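J.:
Chains as they are written, first to last, in the working numbering: chain Z, 2 to 373; chain W, 2 to 373.
#1: Following the continuous beta strand (DSSP E) through residue 307/W, name the residue where it begins and the one where it ends.
#2: Give the C-beta separation of residue 64/Z and residue 107/Z to the nearest angstrom, bearing in mind that I take them to be a contact with Cβ-Cβ under 8 Å.
#3: Flag residue 314/W as yes if its beta-carbon sits less than 8 Å from any beta-carbon of chain Z, otherwise no.
#4: Less than 8 Å between the C-beta atoms of residue 160/Z and residue 298/Z, yes or no?
#5: Mind listing, in chain order, the continuous beta strand (DSSP E) runs of no fewer than 3 residues lying wholly within the segment 162 to 217 of chain Z?
#6: Taking the alpha carbon of residue 274/Z as the reference point, which residue from 362/Z, 353/Z, 188/Z and 286/Z has its own alpha carbon closest?
#7: Can you tell which of 206/W, 288/W and 234/W has its C-alpha closest to the C-alpha of residue 42/W?
#8: What does residue 356/W touch in chain Z if you count any residue whose Cβ is under 7 Å from its own?
#9: Span of the beta strand (DSSP E) holding residue 264/W?
#10: In angstroms, rounded to a whole number, what distance separates the CA positions of residue 249/W and residue 282/W?
#11: Taking only beta carbons into account, state which residues of the segment 106 to 117 of chain W come closer than 7 Å to chain Z, listed in chain order.
#12: Figure out for me which residue from 209/W, 193/W and 265/W has the closest Cα to the Cα of residue 199/W.
#13: Identify every run of the beta strand (DSSP E) within the segment 215 to 275 of chain W, keeping only runs that are complete inside it and at least 3 residues long; order them along the chain.
#14: Residue range of the alpha helix (DSSP H) that residue 371/W falls in?
#15: So with CB distances below 7 Å, who are the chain Z contacts of residue 194/W?
#16: Find out if the Cβ-Cβ distance for the pair residue 156/W, residue 225/W is shorter than 8 Å.
#17: Could you check if residue 31/W is buried or exposed, using at least 16 other CB atoms within 10 Å of its CB as the buried criterion?
#18: Answer with buried or exposed for residue 227/W, where buried requires no fewer than 16 other C-beta atoms within 10 angstroms of its C-beta.
#19: With 8 Å as the limit, tell me which residues of the segment 14 to 32 of chain W have their beta carbon closer than that to any beta carbon of chain Z; keep them in chain order.
#20: Can you find a C-beta in chain Z that's less than 8 Å from the C-beta of residue 342/W?
#21: When burial is assigned at 16 or more other CB atoms within 10 Å of the CB, is residue 117/Z buried or exposed?
#22: Who are the neighbours of residue 321/W on chain Z, taking C-beta pairs under 9 Å?
#23: Does the Cβ-Cβ distance between residue 272/Z and residue 346/Z come in under 8 Å?
#24: In angstroms with no decimal places, state the Cα-to-Cα distance between residue 202/W and residue 124/Z.
#25: In chain Z, which residues lie with their C-beta within 8 Å of the C-beta of residue 201/W?
#26: Residues of chain W with CB under 8 Å from residue 292/Z, in chain order?
#27: Can you tell me which of 9/Z, 150/Z and 122/Z puts its alpha carbon nearest to the alpha carbon of residue 58/Z?
#28: Here's the rule: buried if 16 or more other CB atoms are within 10 angstroms of the residue's CB, otherwise exposed. What is residue 320/W?
#29: Taking the beta carbon of residue 312/W as the centre, do at least 16 other beta carbons fall within 10 Å, making it buried, or is it exposed?
#30: Hey, does residue 6/Z have any beta-carbon neighbour from chain W nearer than 8 Å?
#31: Determine whether the beta carbon atoms of residue 6/W and residue 269/W lie at a separation below 8 Å.
#32: With the cut-off set at 8 Å, would you say residue 62/Z and residue 185/Z are in Cβ contact?
#33: Using a C-beta to C-beta distance shorter than 7 Å, which residues of chain W count as neighbours of residue 143/Z?
#34: Taking the beta carbon of residue 82/Z as the centre, do at least 16 other beta carbons fall within 10 Å, making it buried, or is it exposed?
#35: Starting from the beta carbon of residue 306/Z, find every residue of chain W whose beta carbon is closer than 8 Å, and list them in chain order.
Take a look at the structure:
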């Protein structure tokens, strides 16, 4: 029998389509020519590669290798095609050398998007100009910030190929940029997300995340805040803290865990292998985290990405962060988390019409498959 | 400057990304080998083709050609590859002849889905069994109905290739099945949708729609009902009636109209060329429509689909119906409509994270392009 499951976080019902369910291994990607590993460690025309910094707007944040405790200088360079799992340092050095190998080497670089979806127009008079009438219809000037987080100088390394120190820096940039953008009182929320592979929306191969600073709270976040807040008023505690406890008690949907984080496929996962990574300790945003949060998250995230890549043949995926509104301090009812959603099925008429999903994979089976 | 526009129907903000906007013609599909016109009018292995009716569950509704005022018998058959725009009757006759050409010819056939997302389990005891606890988490037995509407016996004809009489029958089947399913008191809503081409989620080529009878109201519908109801309480009239008036006054986003229907790209369209087709006369559902509604809709829908196919090279698209809950009689605040959403961009991390869209096409430009 098919089953309807409710996601306690969003209130939405997901159809777990047992009659059309597919075994976990059937979701593995067919290997094709687009493999990252076949790309070079540096591409002459890539605007995100070292040596091409002049092709992008000036950076708003940069970390250097020493921030990650990395010592690359002098490592022998290697060419494309080697597995980054075993030779990421060498690949890094190769990219540095090709770009001139000068002292300006960076580990993570955050730049404004050259073709931004939103821009900060300093000339907006917020009282008058922002609210703009188009006849009957409402529109605002598209005030906001659109940035790109270049995760590594090495063109052909995935996020999951980064070493823990490097991955920590990427995560740290999420918090640093969020804190910096919080100083703009017109921004209400920072949305960080990542598209892996062209099929998941990545238009540039070089590994990167994107960040949008928004003058409004996006509707999915509003829904999560509203439900979590109602739960808090009724039960006096955080909904995601409760869910995490229940997931641990049940155990069947947990993929990975360490002493600070748990990765699990939610009970009412809307898409196959859709995973949340949640800090064990209650915290409503990256800004309110304890120091060292990113160093604890990096190994778990890395292991998850490596498993995902190995089990499903490096599938396309989207990743995003859900966190509290900017400048909200520590909220007792909201709990930040990362979501990782492999793109294995097509969003079609049903999803467009209803805003809900038919999941053709059993969450418990998918979790077991990723664990094994 | 980028612009934020609010959809009055859903309340959601859409970023109209002027800085990354694309000209309408850049969305045209590249022609490839998968063209429907290169398929045969009948495929021996297709379960939806005439002669293969035994491969599907027995039909729940069937219309015969005479329902559409069509006289096919004796027309000379033609082979695949001819344009259905000029020879649909001949193509129809060919499919009939290949299948034996007997008197059992049908025009539209509605069957239960062989691999249903939801099923009617007559053994459910609604008071006790429906609500099922999975530990802390909520789940229901997946009660419901999943049907397929086979739009034509001819394998290689699009919805937009059908003649007006045939298209009217497809539309009439939407109402007839909705009324029939309304007799099941456990169903709350009927969602009809269509996926055109594999890229938009169609796993079987033979032209068809799908229908799900649901024991709950889907969240996008709930949002539309709630906003429309609030507007009605405040202003004493239907929100979509107002929007239609305003769109007509403005005119720049209207694609097509006749005396009964208007097709327009909404002010805050979330995706390129996303179009609503709305009846001029207030009506909350197909069941409460005046007689003959489908005969007025068929020519407009057909013209829209032909234009879309010609201007954008037969793009993949999703189509769906938004209507009132089952058995709701005539609601003064809700107004049924069809939505047609070409699949021209990739839903990626931003959309998954926020539930909102960045539209890289200007609705006014897109409407003009489809009109011209």
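No residue lacks a Cβ here, since even glycine has one placed at the ideal position from N, Cα and C. Just so we're clear, the structure is a prediction, and the values are computed from it rather than from any experiment.
T.: According to the data block:
#1: Counted from its first residue, the second chain places residue 307/W at position 306. Taken as a continuous stretch (DSSP letters only), residue 307/W belongs to no beta strand (DSSP E), being part of the alpha helix (DSSP H) at 294 to 313.
#2: Mapped onto the first chain, residue 64/Z falls at position 63. Mapped onto the first chain, residue 107/Z falls at position 106. That belief holds up - the Cβ atoms of residue 64/Z and residue 107/Z are roughly 7 Å apart, short of 8 Å.
#3: Position 313 of the second chain, counted from the start, is the residue given in the question as residue 314/W. With 8 Å as the cut-off, residue 314/W does not count as an interface residue toward chain Z.
#4: Taking the first chain and counting its residues from 1, the one referred to as residue 160/Z is at position 159. Taking the first chain and counting its residues from 1, the one referred to as residue 298/Z is at position 297. No; because the gap between Cβ atoms is not below 8 Å, this pair is not in contact.
#5: 190 to 197 and 209 to 215
#6: Along the first chain, read from residue 1 onward, the residue named residue 274/Z stands at position 273. Of 362/Z, 353/Z, 188/Z and 286/Z, the residue nearest in Cα terms is 362/Z.
#7: Position 41 of the second chain, counted from the start, is the residue given in the question as residue 42/W. Cα-wise, what sits closest to residue 42/W is 206/W.
#8: Counting from one through the second chain, the residue named residue 356/W turns up at place 355. For the C-beta of residue 356/W, the chain Z residues within less than 7 Å are, from N- to C-terminus, 219, 220 and 221.
#9: Position 263 of the second chain, counting from 1, holds the residue named residue 264/W. Taken as a continuous stretch (DSSP letters only), the beta strand (DSSP E) holding residue 264/W covers 262 to 265.
#10: Numbered from its first residue, the second chain carries residue 249/W at position 248. Numbered from its first residue, the second chain carries residue 282/W at position 281. Residue 249/W and residue 282/W: Cα-Cα distance of roughly 14 Å.
#11: Listed in chain order, the positions of the segment 106 to 117 of chain W with a beta carbon within less than 7 Å of a beta carbon of chain Z are 116 and 117.
#12: What you label residue 199/W is simply residue 198 of the second chain in a count that begins at 1. It is 209/W.
#13: 255 to 258 and 262 to 265
#14: Numbered from 1 along the second chain, position 370 holds the residue referred to as residue 371/W. First-last of the alpha helix (DSSP H) with residue 371/W: 364 to 372.
#15: Position 193 of the second chain holds residue 194/W. Contact of residue 194/W with chain Z by beta-carbon distance below 7 Å involves 350, 351 and 354.
#16: Taking the second chain and counting its residues from 1, the one referred to as residue 156/W is at position 155. Taking the second chain and counting its residues from 1, the one referred to as residue 225/W is at position 224. No. Outside cutoff.
#17: Residue 31/W sits at position 30 when you count from the first residue of the second chain. Looking at its Cβ environment, which holds fewer than 16 other Cβ atoms inside 10 Å, residue 31/W is exposed.
#18: If you number the second chain from 1, residue 227/W lands on position 226. Exposed, because fewer than 16 other Cβ atoms sit within 10 Å of the Cβ of residue 227/W.
#19: Under the 8 Å Cβ criterion, the segment 14 to 32 of chain W contributes 14, 16, 17, 18, 19, 20 and 21.
#20: For the purposes of this step, residue 342/W is taken as the residue at position 341 of the second chain. Taking Cβ atoms only, chain Z reaches closer than 8 Å to residue 342/W, which makes this a yes.
#21: Working through the first chain from its first residue, we reach residue 117/Z at position 116. Looking at its Cβ environment, which holds 16 or more other Cβ atoms inside 10 Å, residue 117/Z is buried.
#22: Position 320 of the second chain, counting from 1, holds the residue named residue 321/W. Here the neighbours are 350, 351, 353, 354 and 355.
#23: Here the question's residue 272/Z lines up with position 271 in the first chain. Here the question's residue 346/Z lines up with position 345 in the first chain. For residue 272/Z and residue 346/Z, yes; Cβs fall inside 8 Å.
#24: In the second chain, residue 202/W corresponds to position 201, counting from 1. In the first chain, residue 124/Z corresponds to position 123, counting from 1. Roughly 45 Å between the two C-alpha positions.
#25: Within the second chain, the letter at position 200 stands for residue 201/W. Correct list: 347, 349 and 350.
#26: The sequence position of residue 292/Z within the first chain is 291, counting from 1. Going along chain W, no residue has its Cβ under 8 Å from residue 292/Z, so there is no contact; the nearest lies around 26 Å.
#27: As a working note, residue 58/Z is residue 57 in the first chain. Closest by alpha carbon: 150/Z.
#28: Taking the second chain and counting its residues from 1, one reaches residue 320/W at position 319. Classification of residue 320/W: buried, given that the 10 Å Cβ count is 16 or more.
#29: Here residue 312/W refers to the residue found at position 311 when the second chain is read from its first residue. Burial call: buried.
#30: As a first step, residue 6/Z is located in the first chain; it is residue number 5 there, counting from the start. True, the Cβ-Cβ gap to chain W drops below 8 Å.
#31: As a position in the second chain, residue 6/W is number 5, starting the count at 1. As a position in the second chain, residue 269/W is number 268, starting the count at 1. Yes.
#32: The residue given as residue 62/Z occupies position 61 in the first chain. The residue given as residue 185/Z occupies position 184 in the first chain. Not closer than 8 Å, so no.
#33: For the purposes of this step, residue 143/Z is taken as residue 142 along the first chain, with counting starting at 1. Those within 7 Å of residue 143/Z in chain W are 2, 3, 4, 5 and 16.
#34: As a first step, residue 82/Z must be located in the first chain, where it is residue number 81. Only weak support is given to the placement of residue 82/Z: the predicted model assigns it a pLDDT of 37, under 50, and the value that follows is read from those uncertain coordinates. Its Cβ having fewer than 16 others within 10 Å, residue 82/Z is exposed.
#35: Against the first chain, residue 306/Z aligns to sequence position 305. Chain W residues near residue 306/Z: none, gap ~15 Å exceeds 8 Å.
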